[in-house]
Amino acid sequence: MHIVVCIKQVPDSAQIRVHPVTNTIMRQGVPAIVNPYDLYALEEALRLKDRYGGRVTALCMGPSQADAALRKALSFGADEAILVSDRAFAGSDTLATSFALASAIRQIDKDMHVDLVFAGKQTIDGDTAQVGPGIAKRLDMQLLTYVEKIESLDLETREIVVQRRSEGGVQVLKTGIPALVTVLEGVNEMRFATMPDMFRAARYPLKIWDKDAAGIEDITRVGLKGSPTIVAKVFAPQAKSQKAEMVENQNASPTDLAATLLAKMFTRFPQVEKEIFKRAG
Amino acid sequence: MSNTTPAPQKKPAASRRRFELDERLKSYKGVLVFIEHERDTVHPVSWELLGEGRKLADMLGVELAGVVMGAPGDTTRSFCQEAFRYGADLCYLVEDPILSDYRNEPYTRGLTELVNKFEPEILLLGATTLGRDLAGSVATTLATGLTADCTELNIDPENRSLAATRPTFGGSLLCTIQTLNYRPQMATVRPRVMQMPEPEDGRSGRIVEHPLAVVETDIITKVLEFIPDDKRDEAQLAYADIIVSGGRGLKRPENFQLIWDLAEVLGAEVGATRPVVQAGWLTTDRQVGQTGKTVRPKLYIAAGISGAIQHRVGMEASDVIVAINEDPNAPIFDFATYGIVGNAMQILPALTEAFRTHLATAKKAG
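Protein chains in written order, with our numbering: chain A, 1 to 281; chain B, 1 to 366.
Below you can see the structure in the form of structure tokens.
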């Protein structure tokens, strides 16, 4: 069995600050991490490998620094790692990105047949959740998004059964492989990297694929040319000028503060009081 | 300044803004909203989208359509009627037993065929698990642009194209995205981001039926079972009217009990910030913010939450925000309605008691 896990290197968005004057992202000191959602996908793939044997290939598209993300994946136990990196990809939106990754997966498939493609439910920088579905469509694979449990995998009948989160509950779906699975957060806990794997990851001769190696003949389908969406404007969210009305009294006890808040709030917003009464029946 | 680099941004579109649409795309007209439903209920985000779609259609002087896909029956038809009340001029109805449960394949094919036939210029879907699954597949099949999780939709007066604004980098910046020479222009919007429109009784429209050209044997994915959430313990944050949320200022997971106590008195849902969820204090379905849920309650009580942008984008549309934080300079006080500077572990029990007393007194007074 061969599983390709798509991972992305992202800036830790929790630590990003915007320069107050220039409205630009201050990246210095912001660590680059593996998109946390992708680690759940990687762990799920490794667990299947533990059970069924086979190979796990980590795939990442990005600049050359993104090799760190792949080495991380190797240190957890991925067998192979491929970085798809080319200037031609600069400015790719989700449609162009899914084209490039799908091409690379086709190349990987030539080496060893790919049964499953795993990805996180979304990234924490773009948050779109669009690349997974895009890859599945381009490879004509079954698509299983927001999967919270893989119930069974039968390599004989080539069928997979999963639990997929939907708005009002969980769908139990059975489908054929090859399939693309995006994994929900919290489905598992990432294993620890082992010493031998960490050494192997550090020494591993990473494969870096340019557009040709990734099998992309038509470069008008990647990068800016291959991206229907155009970023017309980037700006900082407008600061709400209204500051909070502070509830305070000199030396007031928590009880006083709570009483003052209720009085103020229920006078100005009677609908809040009504809502609370409604609930209390 | 050496510590700043410009936000990553593709070539400015200004020079490309005034431009002529390809001849073959000029026939694309109208705004189309996907009406999402599950177990005989329409997801409210669909009505929110119709409200937004109405504005766009009026700006463009075109029709607003809904599309209902599902198993044949009275239910789907009643959803069309409801769509008219929420502002649709017409509703496409795609009925087939294959569509009884959501599955990516038949829905993608059905919606793609519908778009190719009726050529809407704008297609909107809810950024739900279903909507995102479907939108990504449809956009790829149609090879068109899709903008996820928009917080504002507008029409660029210069070229009549959709200007879709969305948060990026965890909400620290906003960007406006356009799809110029591709149709339809697709966007998803999260539940609760747009306002619910007032339904208009007696408003009607026309139903346009469209068949689905797929047979069950073509569909590989089968639904074995559906386990509804009411049999599980899943938080329903997005549409909660009162939410009590806690952040890392609560210091220890045990202190979260104070949040639950207050929530119980108020009949509220419990929410949390990303760090709290990541620390495993609460499950992910309770996370409010950019990577969690967008909420719009009447009352949002934030205890021990500093108000980082990541959290702010998910809750700032709340009617009334009460913030409790030890740090008088916490950013949350810049946008909350009421602020209390103090130790959440002391303020929360006092608040719980105050609400409890108030409710008891009011009950006695009748």
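Note that CB positions come from ideal geometry on N, CA and C, so glycine has one too.
Exercise. Answer yes or no: do A/L59 and A/G132 have a C-beta to C-beta separation smaller than 8 Å?
Key: By 1-based counting over the first sequence, the position of residue 59 of chain A is 59. By 1-based counting over the first sequence, the position of residue 132 of chain A is 132. Judged by beta-carbon spacing, A/G132 lies beyond the 8 Å limit of A/L59, meaning their Cβ atoms are not closer than that value.
Exercise. Return the residues of the region 172 to 185 of chain B that lie within a Cβ-Cβ distance of less than 7 Å from chain A, sorted by chain order.
Key: Answer set for the region 172 to 185 of chain B: S172, L173, L174, C175, T176, I177, Q178, T179, L180 and Y182.
Quiz prompt | Exposure label - A/M246; buried when at least 16 CB within 10 Å | solution = Numbered from its first residue, the first sequence carries residue 246 of chain A at position 246. A/M246 is exposed by the Cβ-count criterion.
Practice problem: Tell whether a beta-carbon distance below 8 Å holds between A/K233 and B/T176. | Solution: Position 233 of the first sequence, counting from 1, holds the residue named residue 233 of chain A. Position 176 of the second sequence, counting from 1, holds the residue named residue 176 of chain B. For A/K233 and B/T176, yes; Cβs fall inside 8 Å.
Quiz item: Does any CB atom of chain A fall closer than 8 Å to the CB of B/I347?
Solution: Taking the second sequence and counting its residues from 1, one reaches residue 347 of chain B at position 347. Closer than 8 Å to some Cβ of chain A, the Cβ of B/I347 qualifies, so yes.
Practice problem: Note the first and the last residue of the continuous alpha helix (DSSP H) segment covering A/P293. | Solution: Within the shown structure, residues of chain A are numbered from 1 to 281, placing residue 293 of chain A beyond reach of any answer.
Quiz prompt | alpha helix (DSSP H) segment containing B/P228, residue limits | solution = Taking the first residue of the second sequence as position 1, residue 228 of chain B is located at position 228. If you look at B/P228, you'll find it isn't in any alpha helix (DSSP H); it sits in the beta strand (DSSP E) that goes K222 to P228.
Quiz item: Going along chain B in order, which residues have a C-beta closer than 9 Å to the C-beta of A/F277?
Solution: Within the first sequence, numbered from 1, the residue matching residue 277 of chain A stands at position 277. Simply L359, A362 and K363.
Quiz item: Under three-state DSSP, which class holds B/Q290?
Solution: The residue you call residue 290 of chain B lines up with position 290 of the second sequence. It is coil, neither helix nor strand.
Exercise. Quick one: using the 10 Å Cβ neighbour count with 16 as the cut-off for buried, is B/W260 buried or exposed?
Key: As a first step, residue 260 of chain B is located in the second sequence; it is residue number 260 there, counting from the start. A residue is called buried when at least 16 other Cβ atoms come within 10 angstroms of its Cβ; B/W260 does not meet this threshold and is exposed.
Quiz prompt | Rounded straight-line distance, which links the Cα of B/L351 to that of B/D319 | solution = The count along the second sequence starts at 1 and reaches residue 319 of chain B at position 319. The count along the second sequence starts at 1 and reaches residue 351 of chain B at position 351. In a straight line, the C-alpha of B/D319 is about 19 Å away from that of B/L351.
Quiz item: Rounded C-beta distance between B/Q287 and B/V277? I'm assuming under 8 Å.
Solution: Indexing the second sequence from 1 puts residue 287 of chain B at position 287. Indexing the second sequence from 1 puts residue 277 of chain B at position 277. That belief holds up - the Cβ atoms of B/Q287 and B/V277 are roughly 4 Å apart, short of 8 Å.
Practice problem: Note the first and the last residue of the continuous alpha helix (DSSP H) segment covering B/V277. | Solution: Residue mapping note: residue 277 of chain B aligns to position 277 of the second sequence, counting from 1. Residues R274 to Q278.
Quiz item: Bridge partners of A/F192, per DSSP?
Solution: Indexing the first sequence from 1 puts residue 192 of chain A at position 192. Partner(s): none; A/F192 has no beta bridge.
Self-check item: C-alpha distance - B/A143 paired with A/L95, whole-angstrom precision
Solution: Here residue 143 of chain B is taken as the residue at index 143 of the second sequence, counted from 1. Here residue 95 of chain A is taken as the residue at index 95 of the first sequence, counted from 1. So the two alpha carbons sit approximately 7 Å from each other.
Exercise. Taking only runs that begin and end inside the region 56 to 117 of chain A, name each unbroken beta strand (DSSP E) of 3 or more residues, in chain order.
Key: Correct list: 80 to 84.
Exercise. Answer yes if the region 202 to 212 of chain B comes into contact with the region 81 to 88 of chain B, meaning at least three C-beta pairs across the two stretches below 8 Å, and no otherwise.
Key: Output reads yes: the region 202 to 212 of chain B touches the region 81 to 88 of chain B.
Exercise. Report yes if the C-beta distance between B/T188 and B/A148 is below 8 Å; otherwise report no.
Key: By one-based count along the second sequence, residue 188 of chain B stands at place 188. By one-based count along the second sequence, residue 148 of chain B stands at place 148. It is a contact, given that the beta carbons lie within the stated cut-off.
Practice problem: Count the other C-beta atoms from every protein chain shown that fall within 10 angstroms of the C-beta of B/V215, then say buried if there are 16 or more, exposed otherwise. | Solution: Within the second sequence, the letter at position 215 stands for residue 215 of chain B. By the neighbour-count rule (16 or more Cβ atoms within 10 Å), B/V215 is not buried but exposed.
Quiz item: Helix or strand or just coil, what does DSSP make of B/V115?
Solution: Sequence index remark: in the second sequence, residue 115 of chain B carries index 115 (1-based). Helix at B/V115.
Quiz item: Which ranges does the beta strand (DSSP E) cover as unbroken runs of at least 3 residues, wholly within the region 304 to 359 of chain B, from first to last along the chain?
Solution: You should have 320 to 325 and 338 to 341.
Exercise. Using a Cβ cut-off of 8 Å (strictly closer), state whether B/A143 contacts chain A.
Key: Translated into the one-based positions of the second sequence, residue 143 of chain B becomes position 143. So, interface residue.
Quiz item: For B/Y92, which option in B/R77, B/G246 and B/V193 has the closest C-alpha, if you only look at C-alpha atoms?
Solution: Stepping through the second sequence from its first residue, residue 92 of chain B is reached at position 92. Taking only the C-alpha atoms, the option nearest B/Y92 is B/R77.
Self-check item: Secondary structure of A/R165, DSSP reduced to three states
Solution: Translated into the one-based positions of the first sequence, residue 165 of chain A becomes position 165. If DSSP states are grouped into helix, strand and coil, A/R165 belongs with the strands.
Quiz prompt | Under 7 Å (Cβ pairs) to chain B, residues found in the region 188 to 217 of chain A | solution = From the region 188 to 217 of chain A, no residue has a Cβ closer than 7 Å to chain B.
Practice problem: Compare the C-beta of A/T255 against all C-beta atoms of chain B and say whether one is closer than 8 Å. | Solution: Position 255 of the first sequence holds residue 255 of chain A. So yes, A/T255 belongs to the interface.
Quiz item: Going along chain B, which residues have a C-beta under 7 Å from A/E80?
Solution: Position 80 of the first sequence, counted from the start, is the residue given in the question as residue 80 of chain A. Neighbours of A/E80 on chain B: none; closest Cβ ~26 Å, over 7 Å.
Quiz item: CB A/K211 to CB B/T140, shorter than 8 Å?
Solution: Numbered from its first residue, the first sequence carries residue 211 of chain A at position 211. Numbered from its first residue, the second sequence carries residue 140 of chain B at position 140. No, Cβ-Cβ distance for A/K211 and B/T140 is not below 8 Å.
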